[in-house]
Amino acid sequence: AAKALPYGVQLFHPALESRAVRRLGLAADLRRALDSGQLEVHFQPKVTIQDRHLIGVECLARWQHPAHGEVSPEDFVAVAEHTGQLHRLTEVVLTAGLRHCREWADAGRPLSIAVNLSARTLLDPRFPDQVHELLKQYQVPPQQVTFEISEPGMLGEIERALPTLYRLRDLGVRLSVDDFGTGASSLSYLRQLPVHEVKIDDSFVQGMATDSGDLAIVRAVIGLSREFGLTVVAEGVESELTFDLLAELGCEIGQGYFFSRPLPVERLNTWLSAQTE
Ligand code: C2E
Ligand code: CA
Ligand code: CA
Ligand code: CA
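In terms of UniProt numbering, the sequence shown is residues 551 to 827.
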């Protein structure tokens with residue numbers, strides 16, 4: 551009879567294996583998707599808490615894989631990072647965002663766009679020039695564009711990323727610290743970085759209605775951001791209760807399922823016309 555493996559020894563861990571192998575297999579598919587327009591961008595409204603006025607949208611990448619179905623952005627962003635396709639991914643999302651931004655402005659309904667950057671993009675010295683070119687091409691004023699940079703992702707890279715951040719700021723685009731509160735050095739970031747906006751991570755926002763610790767963090771971040779003259783955005787607003795609490799605390803902008811899920815552009819446009827009626 552075949553010898554059994556000693557207790558506790560596995561040849562591979564099925565969950566890990568499938569994720570790694572899937573990511574490897576996805577690299578070539580992602581390249582094709584990026585080149586053929588298979589990668590879509592959805593738009594999630596950012597709304598003022600005071601009067602629920604739509605001010606902008608976050609551009610979120612979506613990939614419907616022909617065989618595997620929907621791949622989560624976390625997975626394909628990781629694939630892009632590890633296979634040298636990050637630059638192309640950012641370009642595809644930014645270009646789609648700017649194209650629609652131009653269209654909304656032409657239709658008399660200007661909206662700002664927010665695009666996610668990986669920390670790694672900030673290490674690419676050519677990135678600000680490309681942003682400058684694209685802004686010119688689509689004739690979008692730079693103040694209409696925000697780049698969101700996730701706080702944990704910046705860990706350890708700040709020094710090297712600073713020159714790019716300053717060049718982006720000098721172009722006139724806005725910079726946002728995303729998932730704020732989940733990294734290790736949150737408070738010092740606010741002093742160090744040339745940013746305009748702070749996005750409080752959804753974990754605190756979702757907890758604030760039931761957990762006094764989360765509520766305290768949200769309150770402190772709002773207060774601190776105000777001291778620094780930064781715009782505060784709460785992400786992951788899912789309930790009326792959370793919305794009311796944020797209004798009480800004086801949070802300026804919210805985003806989340808309570809207002810709207812991320813939508814394909816046609817559905818966002820329908821939502822827009824319903825809002826302006
Ligand atoms: P993120 O920047 O924190 O984006 C917000 C995520 O929260 C999105 O997930 C969005 O669908 C989800 N969300 C929005 N409102 C709610 C809510 O009320 N409740 C809950 N539970 N979730 C909500 P998504 O689209 O799966 O994106 C995940 C992450 O992938 C993003 O997190 C972002 O870091 C990254 N990502 C997405 N698109 C891009 C991209 O084009 N480039 C880069 N570099 N990263 C991207
Ligand atoms: Ca984001
Ligand atoms: Ca976020
Ligand atoms: Ca988050």
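Don't be surprised by glycine CBs; every beta carbon is placed ideally from N, CA and C.
Alpha carbon of residue i to alpha carbon of residue j, nearest angstrom
i      : j      : result
Asp601 : Gly703 : 33 Å
Asp579 : Val627 : 13 Å
Phe754 : Ala784 : 9 Å
Leu644 : Gln588 : 15 Å
Asp728 : Asp674 : 20 Å
Leu584 : Glu631 : 14 Å
Leu715 : Arg741 : 14 Å
Gln635 : Val771 : 34 Å
Lys749 : Cys801 : 11 Å
Leu685 : Leu718 : 12 Å
Val607 : Glu653 : 14 Å
Arg670 : Glu683 : 20 Å
Phe697 : Val681 : 11 Å
Leu639 : Arg582 : 12 Å
Asn819 : Val665 : 19 Å
Glu641 : Leu712 : 21 Å
Leu795 : Arg659 : 29 Å
Ser738 : Gly706 : 13 Å
Gly575 : Leu813 : 28 Å
Gly763 : Pro623 : 30 Å
Residue j beta carbon less than 8 Å from that of residue i
i           : j      : result
Val591      : Ala611 : yes
residue 841 : Leu721 : Any answer about residue 841 is impossible in this case: the structure gives the chain only from 551 up to 827.
Leu667      : Ile708 : no
Gln693      : Arg724 : yes
His746      : Thr792 : no
Asp594      : Arg811 : For the record, residue 594 in the displayed sequence is Gln; it is not Asp. It is a contact, given that the beta carbons lie within the stated cut-off.
Ala577      : Val629 : yes
Gly731      : Asp751 : yes
DSSP three-state assignment for residue i, whether helix, strand or coil
i      : result
Asp728 : strand
Val783 : strand
Ile599 : coil
Glu590 : strand
Gly806 : coil
Gln560 : Since pLDDT at Gln560 reaches only 47, below the 50 mark, its modelled position is unreliable, and the value read off the structure follows with that caveat. Note: Gln560 maps to coil in three-state DSSP.
Proximal residues to residue i (C-beta, below 7 Å), its chain only, five neighbours per side dropped
i      : result
Glu788 : Gln756, Gly806, Tyr807 and Phe808
Thr633 : Ala577
Val815 : Phe593 and His650
Ala759 : Ser789, Leu791, Thr792 and Leu795
Arg710 : Leu673
Own chain, CB closer than 8 Å to residue i, minus 5 neighbours either side, in chain order
i      : result
Ile605 : Lys596, Val597, Thr598, Leu661, Ser662 and Ile803
Neighbourhood of residue i by C-beta distance below 6 Å, restricted to the same chain and skipping five residues each side
i      : result
Asp761 : none
List in chain order: all unbroken beta strand (DSSP E) runs of 3+ residues lying wholly within the region 607 to 658.
619 to 621
Report the residue ranges of all alpha helix (DSSP H) runs contained in full by the region 661 to 749; include only those spanning at least 4 residues, in chain order.
677 to 688, 708 to 721 and 736 to 742
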